[in-house]
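*Asks:* Could you have a look at this structure, given as C-alpha cells, before my questions?
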Amino acid sequence: MRWALLLRSLVTFVFVLLGWELGRQLTGVEALEGLTLTSARLIIPLSIVSGVIGLFAAPWLTVKPANALRSSLRQIPTVQLMAATAGMAIGLAIAALLAYPLSLLPNPFGTILPFVGVIVMGYLGITMMVLRHREILTFFRFPNGSDNGRDLPKLPLFAKGGPQHSDTMLLDTSVIIDGRIADVAETGFLWAILAVPRFILNELQYIADSAEVLRRNRGRRGLEILDRLQKIEGVNIVFLDQDPADAQQVDEKLVFLAREMSAAIVTNDYNLNRVAKLQGVRVLNINELANAVKSVVLPGEEMTIQVIQEGKEMNQGVGYLDDGTMVVVEQGRRHMGARLSVRVTKVLQTNAGRLIFAVPEEVQERRRAYESVRQ
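Take any residue in the sequence shown, note its place counting from 1, add 33, and you have its number in the working numbering.
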C-alpha cells in the first residue's frame, strides 16, 4: 500500500511538472523571475489540471502494469526466463559491436540504424534462446560422456516416451490428501525435489474451504501433509508459481507442466495415470508402490489371523494382515473376533490389490484325515 501511494505521488509530481513546462512554453516565460500575472493565470491552472490527471492515471501507468508483468513472469518457467535474459544480453552485445560501423553510414541511416539494430538484435537474441534453450542445456550437459577430458558415466538423455529427469517430482492433489507420501519421504527413499504447483495448492485450499464436512477434512489433511513434508529432514519441497495458460483443468495443467519440466508426476488418480502415460510423462503411483512392497505369501504357508467380519460367501470370515491385505478364511464365520492359525490355499492378484484365501488348521487337519481314510 505504501509503495502504491509513493508511485502515485511521484507520477502526480511528474505530471505537475509537465503541465508547468507546457504552460511556460505556451506563454513564452523562460524563467521563474519572468512570471507575470497573465502567464500565471495559464500556467498554474494547467499544472493543477495536469496533476489531477496524473493522480487518477497513476494506477494505470504504474501499479496495474507492474502487477500484470509480475503475473506474467510467474507463469514463465525459470529456465525460459533465464534463457530470455541471457539472449537479450547476447543480442545487445552484438548490437553494440554493430553500432559504430552503422553510425558511419550517411544520414539518416547512420542515425537510425544503430537504434534499429539494438531492437532487432535484442529481439532475435531473446527469441533464439527461448526457442532453443533445451538444445543449449543438453549441449552443456556433455552428452558424449566427456568433461574436459574427464570420463563421466554415460546417461541416456532421452528415455522411452520422451525426456525423463529424476530430479523433480510433481505432487498431485490426490497423493497429498492420501498422506502416504509423507511416510515414504520419512524413510529416505525420496531423494528428488518434491514440487507442488500453485494451482494444486489453490485446489487444496478450495477443498479445505468447502461447506461439506468430508471434503473440508480432506482438504485440511492435505495442507497438514504439506506442512509435515516441509518439516521432514532431508526432504526438499518447493512450490512452483507456473500456471500454464494453455490448459484449463488441473490435471491438464499438471501434465503440461510435467512435460515442460521433464518431471515425473506422483499420483493416486487412475485417470490421470493413464492420460499422463499416453502423453509420455513418467508417473509414480503410490498404490502400485504399496502393492509392490506387500509381504509375499505363498500357498501352503501358515499364519495367524484375526477374523473381524463375515465374508460374502456362506461360512466365510475375513481378516486383514498388517499391510492391509485381505484374507478370506473358509469356515471362518464361527471364529468371529478370535485369532486362529490358518494355512494359505490360494493367492490372487486383482486390480484392487492382493487377495489371500486360507483355511483354519483344524479344517485342514480334518481334510487330511478324510483323504487318508479314503486312501
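Positions of the beta carbon are idealized from the N, C-alpha and C atoms, including for glycine.
#1: What are the residues that DSSP puts in a beta bridge with K379?
#2: Expressed to the nearest angstrom, what Euclidean distance is found between the alpha-carbon atoms of W53 and L203?
#3: Keeping to the same chain, check which residues put their C-beta closer than 6 angstroms to that of K286; ignore five residues upstream and five downstream.
#4: Entirely within the region 266 to 308 and at least 4 residues each: give me those alpha helix (DSSP H) ranges in chain order.
#5: Restricting to runs no shorter than 4 residues, where is the alpha helix (DSSP H) found entirely within the region 84 to 120?
#6: With burial defined as no fewer than 16 other Cβ atoms inside 10 Å of the residue's Cβ, what is the status of Q275: buried or exposed?
#7: Any idea if T300 is buried or exposed, counting beta-carbon neighbours within 10 angstroms, 16 or more meaning buried?
#8: So L317 is in the beta strand (DSSP E); what residue range does that whole segment cover?
#9: Leaving out the 5 sequence neighbours to the left and right, which residues in its chain are closer than 8 angstroms to M154 when beta-carbon positions are compared?
#10: List the residues that DSSP assigns as beta-bridge partners of Q342.
#11: Hey, quick one: how far does the alpha helix (DSSP H) through P147 stretch, first residue to last?
#12: Based on the DSSP output, what are the partners of P230 in its beta bridges?
#13: If we call anything under 8 angstroms between Cβ atoms a contact, is T206 one with V283?
#14: Quick one: grab the DSSP three-state call for S136.
#15: Looking only at its own chain, which residues have a Cβ that is under 6 angstroms from the Cβ of Q113, when we skip the five neighbours before and after it?
*Replies:* In short, the structure shows the following:
#1: F390
#2: 57 angstroms
#3: F232, P277, A280
#4: 283 to 294
#5: 96 to 108
#6: buried
#7: buried
#8: 316 to 318
#9: G124, L125, I127, A128, L131
#10: V351
#11: 142 to 164
#12: L273
#13: yes
#14: helix
#15: V163
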